[in-house]
Structures are given as C-alpha cells and as structure tokens.
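Read top to bottom, the protein sequences are chains A and B.
Sequential numbering from 1 applies to the first sequence in the numbering used here.
Sequential numbering from 155 applies to the second sequence in the numbering used here.
Read through the structure below, which is laid out as structure tokens, and then see the notes.
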Amino acid sequence: MNAAAQFATVLTIALASAGVTYLVKGPPDRLVHCDPAKLKPDEVCLDRVMNEWKGRVLWVDARPRADWQRNGMPGAALWNLESSENMQTFEADIAGRMIDGPRVVVYCNNEDCGTSRQVAERIKSLQLGNEVFVLYGGWRALTAAKLTRDFPRK
Amino acid sequence: MRTAICCWLALAGFLHAGGLTFEHELLEIHAPADAGSIVADFNFENKTDKIVTIAKYDTTCSCIGVQVADGKLTYAPGEKGRIRASFDMKNFSGVVNKTVVLWLDKDPAEKPSVTLTVEVHIPVLVVLKEKTLKWKLGETPDTQKIDITMDYTKPIKIVSTTCTSDNFKVEVRTLEEGKHYELLVTPADVKEPGLAIIRIETDCDVQRHKILQAFAVIRRELPPLP
C-alpha cells in the first residue's frame with residue numbers, strides 16, 4: 001500500500017469513528033457548564049437564576065445597542081460602555097427599575113467579556129442596595145438554554 | 155503505515171501551532187482628566203518555531219480601534235510586531251478596563267488565544283460621597299445629605315441643581331467655595347414609593363464633570379429574597 005492509500009485509510013477510520021461517536025453520544029453539548037464552586041464572588045450560574053430565583057431578576061444587557069435591539073432577554077435593560085452612549089441615561093433607567101429591589105443579573109457576549117463585570121460595578125455604585133451579579137457564560141449560556149428572543153425590527 | 159502516521163502527526167502539529175508572546179497583556183494608563191482618546195501599544199514576538207497568523211481580532215466596545223502594525227497578520231519565528239489599540243474615552247471617568255481579543259491560527263470561536271487589557275485611570279474631579287439617598291416608606295422625612303468634594307487644581311463651583319420630583323427639596327450648602335459642598339435633600343413626605351433624579355450642574359471646564367447625577371429613593375422595606 002502506498003503512502004496516499006495509507007493516509008486515506010487512516011482518515012477513513014478516523015471519520016468513521018467520529019461518525020459512530022456522533023450517533024452514539026449525539027451532537028456536541030453546547031451548554032455552558034457552570035460549577036458554583038468555581039464561580040467568582042460576583043458571578044451566578046444561569047441554573048440558579050432560572051430555578052432557585054425563578055427568573056425574577058432585572059436582566060441587564062451589556063452588549064452594544066444594536067445587539068440589544070436585535071435580540072436578548074425580554075425586558076432586559078441596556079447598559080454598555082460604548083462611548084456613544086449616555087451613562088447618566090442608563091443610570092436613571094436602571095435606578096427606576098431597581099426600586100422594588102429585584103436582583104440584577106448582567107450579561108454580555110461571553111465569559112471572557114469584561115464589560116458585564118464593569119457594568120455590574122457601576123450598578124453597585126448607585127448604592128441602591130440590590131444584589132448585582134454577572135451571569136457566568138453570558139450570552140452563550142442564555143442562547144444555549146434557548147432563553148433569548150429575536151425582537152422585531154422597529 | 156509509518157509515512158501515514160508521520161503525515162498525520164505533522165498535520166496535527168500544524169493545527170496546534172500558535173502563540174505570540176506579548177511584553178504586557180495588561181497595560182495601565184493614567185490619563186489626564188480631559189482625555190478624549192488614549193492609545194496603547196502592545197508589542198509582541200513570535201517565540202515559537204512555527205509561523206503564527208492573527209486570524210481575527212475583536213473588541214468589547216465600538217469605542218476601540220485596533221491596528222496591527224503595517225497591517226501584517228502573519229509572523230515568522232522570531233518576528234516582532236505591535237498591536238495598537240486606540241480608545242475613545244470622552245464619556246468615562248474613574249477606572250475603566252477595555253479589552254482586545256485575538257484569535258490565532260485555528261483558535262475556536264469561543265476560545266481566543268490572547269486577551270489584551272488596558273486599564274485606564276481617569277481622575278474623578280467631582281466626587282459624590284453618596285450616590286443615592288434612601289428613605290423607608292412611612293418613616294420620618296428627615297433631611298439627608300450628599301457630600302461633594304472637588305478634586306481639581308482649579309476651583310469647581312456648583313452652579314445649579316434640579317430634581318425630577320416636587321416631593322424633594324434640594325439645597326446646596328457651601329463648606330469651602332470651589333472645593334467642598336453639601337447637598338441637603340428633604341422629602342415633603344414619604345407616604346408613597348418613588349425615585350427622584352437630582353442633577354447637579356458645575357462650572358467645571360472638563361465636559362464630563364459638568365453634569366452629575368444623584369438619586370433620592372423612597373421605598374418599602376424589601377422582603378428577604380428567596
């Protein structure tokens with residue numbers, strides 16, 4: 001058997017193994033696995049928000065405005081760190097919605113996005129006394145759990 | 155068979171090749187109070203024995219512009235390069251972190267290899283010690299105060315205040331002209347929950363410190379959350 005045939009054989013075996021794995025184990029698991037023991041103090045797992053707290057939180061979307069307009073958690077407030085935005089407008093909007101004391105959960109594009117932590121800090125600095133968290137896994141966790149909605153274009 | 159295994163291993167090696175070594179992945183910049191934009195340079199070197207390609211870069215904010223020196227995205231072993239990030243900071247004060255993420259070679263979409271962070275410190279010239287004053291529903295409508303200090307080389311005066319609710323009386327008490335003030339806030343009654351926005355206008359020559367905002371809140375005792 002020449003080298004090309006040997007290579008094709010190895011490739012065929014690898015692809016067949018991958019196919020069998022897919023059939024037996026199913027498609028890859030895209031859920032964000034959140035271990036409460038490994039969370040940073042200000043982070044929260046989506047599972048806790050949706051099950052223990054029954055989703056009764058004020059969602060804050062820290063993504064750019066265009067993304068917030070396109071899709072997201074229904075009713076989520078917008079607060080990002082874009083220089084085109086007015087931070088005082090964000091403050092006023094969210095302060096008004098925090099008055100009844102809901103927990104606040106901030107999400108941005110993924111777990112590497114530092115924006116949600118900075119936004120969470122700014123919300124805490126309003127000193128309204130609400131508990132403020134960063135969603136572990138951010139947008140990826142929400143979409144994997146099929147919780148987000150597409151919004152009609154205005 | 156040995157040839158096939160060698161080909162396989164070589165291909166696997168190529169797929170996993172990657173890595174740029176940065177002098178700093180976190181840069182701390184202390185900007186002046188009136189900073190409009192800030193530039194941060196991240197110098198790097200390919201210290202591997204493989205060619206490394208910057209496949210993609212992204213930012214967490216449209217306020218960041220990224221330039222790779224000379225538009226060059228592929229780096230041979232030993233080659234050096236620079237990524238310049240420029241930030242529009244005109245809306246910010248205090249400490250702000252901005253990040254740039256890089257995907258090298260075949261990085262998966264959810265796992266970029268490199269995260270570069272700039273921590274920008276912009277002086278806060280007008281410091282409100284309290285951002286929100288709170289009264290519980292039904293308690294005595296006592297006067298509460300917000301302590302305001304000016305941390306600038308020039309004096310900063312409070313020129314006016316406005317409040318979005320008629321239920322609150324707002325007065326400015328000068329402790330040291332241009333340096334230290336108190337904002338005295340008194341609700342007429344605390345029978346209904348409500349939130350008022352207090353806007354404080356100064357004569358500061360730095361635009362971002364001209365208008366400040368504080369809150370006055372009347373709310374019921376919050377029940378313990380589950």
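By construction, the Cβ of each residue, glycine as well, lies at the ideal position given by its N, Cα and C atoms.
Nothing here was measured: the structure is a model prediction, and the numbers come from that model.
DSSP state of residue i mapped onto helix, strand, coil
i	result
A/Lys54	coil
B/Ser240	strand
B/Phe176	strand
B/Lys323	strand
A/Gln6	helix
B/Arg373	strand
B/Thr340	strand
A/Glu131	coil
B/Leu256	strand
B/Asp305	coil
A/Ile13	helix
A/Gly138	helix
A/Ala145	coil
A/Lys38	helix
A/Leu46	helix
B/Ser314	strand
A/Glu121	helix
B/Asp359	coil
B/Ala263	coil
B/Gly235	strand
B/Gly348	strand
B/Ala368	strand
B/Gly225	helix
B/Gly248	strand
A/Arg153	coil
B/Arg353	strand
Environment of residue i [buried if 16+ CB atoms lie within 10 Å]
i	result
B/Lys210	exposed
B/Arg374	exposed
A/Gln118	buried
B/Val206	buried
A/His33	exposed
A/Ser116	buried
B/Asp203	exposed
B/Pro266	buried
B/Arg143	Because residue 143 of chain B is not part of the residues shown, which for chain B are 155 to 380, the question remains open.
B/Val281	exposed
A/Ser17	exposed
A/Leu11	exposed
B/Ser314	exposed
A/Gln90	Correcting the residue type first, residue 90 of chain A is Phe in the shown sequence and not Gln. A/Phe90 is buried by the Cβ-count criterion.
A/Ala95	buried
B/Ser139	Lying outside 155 to 380, the shown extent of chain B, residue 139 of chain B is not represented and no answer is given.
B/His170	Since pLDDT at B/His170 reaches only 39, below the 50 mark, its modelled position is unreliable, and the value read off the structure follows with that caveat. Per the 10 Å Cβ criterion, exposed.
B/Ala263	exposed
A/Phe151	exposed
B/Pro186	exposed
B/Leu174	buried
For residue j and residue i, believed in contact at Cβ under 8 Å, the rounded distance
i	j	result
B/Pro231	B/Asn200	6 Å
B/Ile354	B/Leu329	No, B/Ile354 and B/Leu329 are not in contact; Cβ-Cβ is about 15 Å, not under 8 Å.
A/Pro64	B/Ser216	6 Å
B/Val344	B/Ile310	At roughly 32 Å, the Cβ-Cβ gap does not stay under 8 Å, so B/Val344 and B/Ile310 are not in contact.
A/Gln127	B/Glu284	7 Å
B/Leu270	B/Ile237	7 Å
A/Ala76	A/Trp53	Going by Cβ atoms, the distance from A/Ala76 to A/Trp53 rounds to 15 Å, so no, they are not a contact pair.
A/Ala62	A/Asn80	5 Å
B/Val249	B/Val268	With a Cβ gap of about 22 Å, B/Val249 and B/Val268 do not count as contacting.
A/Asn130	A/Val104	5 Å
Contacts that residue i makes with chain E (C-beta to C-beta distance below 9 Å)
i	result
A/Gly72	Among the protein chains in the structure shown, which are A and B, there is no chain E.
- Query: Where in the region 181 to 219 of chain B do unbroken runs of the beta strand (DSSP E), each at least 3 residues long, occur, reported from the N-terminal end onward?
  - Reply: Runs of the beta strand (DSSP E) lying entirely within the region 181 to 219 of chain B and spanning at least 3 residues, in chain order: 191 to 199 and 206 to 213.
- Message: So within the region 274 to 301 of chain B, which uninterrupted beta strand (DSSP E) runs reach at least 3 residues, ignoring any that extend past its ends?
- Response: For the region 274 to 301 of chain B, whole beta strand (DSSP E) runs of length 3 or above, ordered along the chain, are 280 to 282 and 286 to 290.
- Task: Within the region 59 to 108 of chain A, note down every full beta strand (DSSP E) run reaching 3 residues or more, in order along the chain.
- Result: Runs found: 103 to 107.
- Item | Residues from the region 79 to 92 of chain A in contact with chain B, defined by Cβ distance under 8 Å | Of all residues in the region 79 to 92 of chain A, Asn80, Leu81, Glu82, Ser83, Ser84, Glu85, Asn86, Met87, Gln88, Glu91 and Ala92 have a Cβ within less than 8 Å of some Cβ in chain B.
- Got a sec: which bits of the region 171 to 184 of chain B sit with their beta carbon under 7 Å from any beta carbon on chain A, in order along the chain? Nothing from the region 171 to 184 of chain B brings a Cβ to less than 7 Å from some Cβ of chain A.
- Given a limit of 9 Å on CB to CB distance, which residues of the region 126 to 142 of chain A reach chain B? The residues in question are Leu126, Gln127, Leu128, Gly129, Asn130, Glu131 and Arg140.
- Message: Closer than 8 Å between beta carbons: that is the criterion. Which residues of the region 264 to 290 of chain B meet it against chain A?
- Response: Sequence-ordered contacts of the region 264 to 290 of chain B with chain A read Glu264, Pro266, Thr269, Thr271, Glu284, Lys285, Thr286 and Lys288 [C-beta pairs closer than 8 Å].
- Return the residues of the region 336 to 351 of chain B that lie within a Cβ-Cβ distance of less than 7 Å from chain A, sorted by chain order. For chain A, the residues of the region 336 to 351 of chain B that bring a beta carbon within less than 7 Å of one of its beta carbons are Pro347, Leu349 and Ile351, in chain order.
- Message: For the region 28 to 44 of chain A, list every residue whose C-beta sits within 7 Å of some C-beta in chain B, in sequence order.
- Response: None of the residues of the region 28 to 44 of chain A has a beta carbon lying less than 7 Å from any beta carbon of chain B.
- In chain order, what residues of the region 91 to 109 of chain A put their CB closer than 8 Å to some CB of chain B? Using a CB distance below 8 Å, the part of the region 91 to 109 of chain A facing chain B consists of Glu91, Ala92, Ala95, Gly96, Ile99, Asp100, Gly101, Arg103, Cys108 and Asn109, ordered along the chain.
- When you check each C-beta in the region 213 to 233 of chain B against every C-beta of chain A, which residues fall closer than 8 Å? With the criterion set as a beta carbon lying under 8 Å from some beta carbon of chain A, the members of the region 213 to 233 of chain B are Thr214, Cys215, Ser216 and Cys217, in sequence order.
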